[in-house]
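J.: Would you mind keeping the following structure in view while I ask a few things?
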Ligand SMILES: [Zn+2]
């Protein structure tokens, strides 16, 4: 049900969010400045109106690709992520948004029809603000602990002069800063809430950044970034601001996410009930462990698309030239350009074929003595993450074949 909120009601709904206790996991910034509250109200009205318009008009959609720049502000050598690791994290983010995540098959049956391909992709910037070529990554050493935490009211991580890194034009790029934070895994600015454009973006603590697709690496699959990107594109927590006292008043302004009375933890088994319905704890906007998060809904997709609509608060991002000069891609499979990460893997892998076109192809996996253990017809573009939990420890060869050529890559499965 889409409700047309009056500004007054919107105001009250937002007021309730300011009273919420500080999140343990995610530090989204709720505004207190009346001018910011007003801007958030205006954005909410636009969002509701845009969604309503879409229901009455048949539109052909396009895939929106948004350039990102990753500022790695490292204190410890271990926080200096490689280009490969960062690429895999951004591709993993895209996989979640395109419903190509390895665990999409675990979505409970009752929620499967609600799971959406959000049709938004993210690319590491290939062109700087000044038209120079770039890999979209900035590395900076810092000698300050918890650079992502404010000090004397200054958000240091966003500024060169305070030991962080200046944002690239926030109209054209999504800025993602990776740096230590004292209390949060990640935080993001809702549309219309950044005090200054230079502080608009996402901050992720290095412990929760990267596409760690392995149970031996704890619970992180890089989905802190998926969650924060949801906030950046105007999604709220799935439980609203309900605090678990049986109160279900607060909503997330999304019609197809069931109300929930509090955030989830760990990896619950379905069903978990609250507010008279089953909890959608596997939604990226809950606090469930990464491995058990698997979907956005159609309603959430519409909110995000409203944010990126031409007249939306982040509409300028869709016209950015930040990824215009794409990396050299090819039409044929080249083993040197196929990215498989992590390798060794335990439960899933990220595959990037670096192809220029969506190609109809075959993927076959052979064990170390050449026996076929998996075979499937696939579209190259569907290959973002792949579940390997069914394979036992050992060395495998993945063979990719298109109509014109083939290439093989070694994959190691290693579980302790
Ligand atoms: Zn959050």
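Numbering (the numbering used here), first residue to last: 39 to 454. Glycine included, C-beta positions come from ideal geometry on N, C-alpha and C. Keep in mind the model is a prediction, meaning the values are calculated, not measured.
1. Can you tell me which of the three DSSP states residue 78 falls into?
2. If you draw a straight line from the C-alpha of residue 70 to the C-alpha of residue 191, how long is it?
3. For the region 139–150 against the region 435–453, are there 3 or more C-beta pairs whose distance is under 8 Å?
4. Of the residues 229, 116, 265 and 142, which one's Cα is nearest the Cα of residue 347?
5. Can you find the residues in the same chain that come closer than 8 Å, C-beta to C-beta, to residue 159, ignoring five residues on each side of it along the sequence?
6. Compare the Cα-Cα distances from residue 312 to each of 306, 305 and 296 and report the closest residue.
7. Looking at C-alpha atoms only, which residue of 200, 306, 324 and 81 is the closest neighbour of residue 63?
8. Are the CB atoms of residue 429 and residue 451 within a distance shorter than 8 Å?
9. Let me check one thing: in DSSP terms, what residues is residue 217 bridge-paired to?
10. Per the contact definition of three or more C-beta pairs closer than 8 Å, is the region 353–362 in contact with the region 199–211?
11. With a threshold of 8 Å on Cβ separation, who are the neighbours of residue 432 within its own chain once the five nearest residues in sequence on each side are excluded?
12. At what residues does the alpha helix (DSSP H) containing residue 341 begin and finish?
13. By the DSSP assignment, the alpha helix (DSSP H) with residue 109 in it spans what residues?
14. Can you tell me whether DSSP reads residue 317 as helix, strand or coil?
15. Is residue 301 buried or exposed, if buried means 16 or more other CB atoms sit within 10 Å of its CB?
16. Helix, strand or coil: which one does DSSP assign to residue 178?
17. Verify whether the separation of the beta carbon atoms of residue 107 and residue 226 is less than 8 Å.
18. Per DSSP, residue 400 forms a beta bridge with which residues?
19. At the level of alpha carbons, what is the spacing between residue 113 and residue 305?
20. For residue 374 and residue 259, what's the separation of their Cα atoms in angstroms?
21. Suppose contacts are defined by Cβ-Cβ distances below 8 Å. Is residue 272 in contact with residue 345 by that definition?
22. Classify residue 339: buried if its beta carbon has 16 or more other beta carbons within 10 angstroms, exposed otherwise.
23. Less than 7 Å separating the Cβ of residue 265 from some heavy atom of ligand 1?
24. Straight-line CA distance for residue 380 to residue 220?
25. Output the distance between the C-alpha atoms of residue 169 and residue 205, rounded to the nearest integer angstrom.
26. Distance check for residue 185 and residue 330, CA to CA, integer angstroms please.
27. Specify the secondary structure class of residue 267 as computed by DSSP and reduced to three states.
28. Check this for me: beta carbons of residue 165 and residue 362, under 8 Å apart or not?
29. For residue 307, count the other beta carbons within 10 Å of its own beta carbon; 16 or more makes it buried, fewer makes it exposed. Which is it?
30. May I have the straight-line CA-CA distance separating residue 80 from residue 72, to the nearest angstrom?
31. Residue 351: buried (16+ other C-beta within 10 angstroms of its C-beta) or exposed?
32. Helix or strand or just coil, what does DSSP make of residue 330?
33. What's the call for residue 7, buried or exposed, on a 16-neighbour Cβ count within 10 Å?
34. Verify whether the separation of the beta carbon atoms of residue 310 and residue 317 is less than 8 Å.
35. Locate the beta strand (DSSP E) running through residue 445, then write down its first and last residues.
36. Closest by CA to residue 416, which one among 410, 409 and 424?
T.: So, from the listed chains and residues:
1. helix
2. 15 Å
3. no
4. 229
5. 101, 102, 103, 104, 132, 135 and 136
6. 296
7. 324
8. yes
9. Bridge partners of residue 217: none, in fact.
10. yes
11. 405, 406, 450 and 451
12. 336–346
13. Looking at the DSSP string, residue 109 is not in any alpha helix (DSSP H); the run it does join, the beta strand (DSSP E), is 102–112.
14. coil
15. buried
16. strand
17. no
18. 415 and 439
19. 31 Å
20. 25 Å
21. yes
22. buried
23. yes
24. 28 Å
25. 16 Å
26. 30 Å
27. helix
28. yes
29. exposed
30. 12 Å
31. buried
32. helix
33. Nothing can be reported for residue 7, as the shown portion of the chain is limited to 39 through 454.
34. yes
35. 444–451
36. 424
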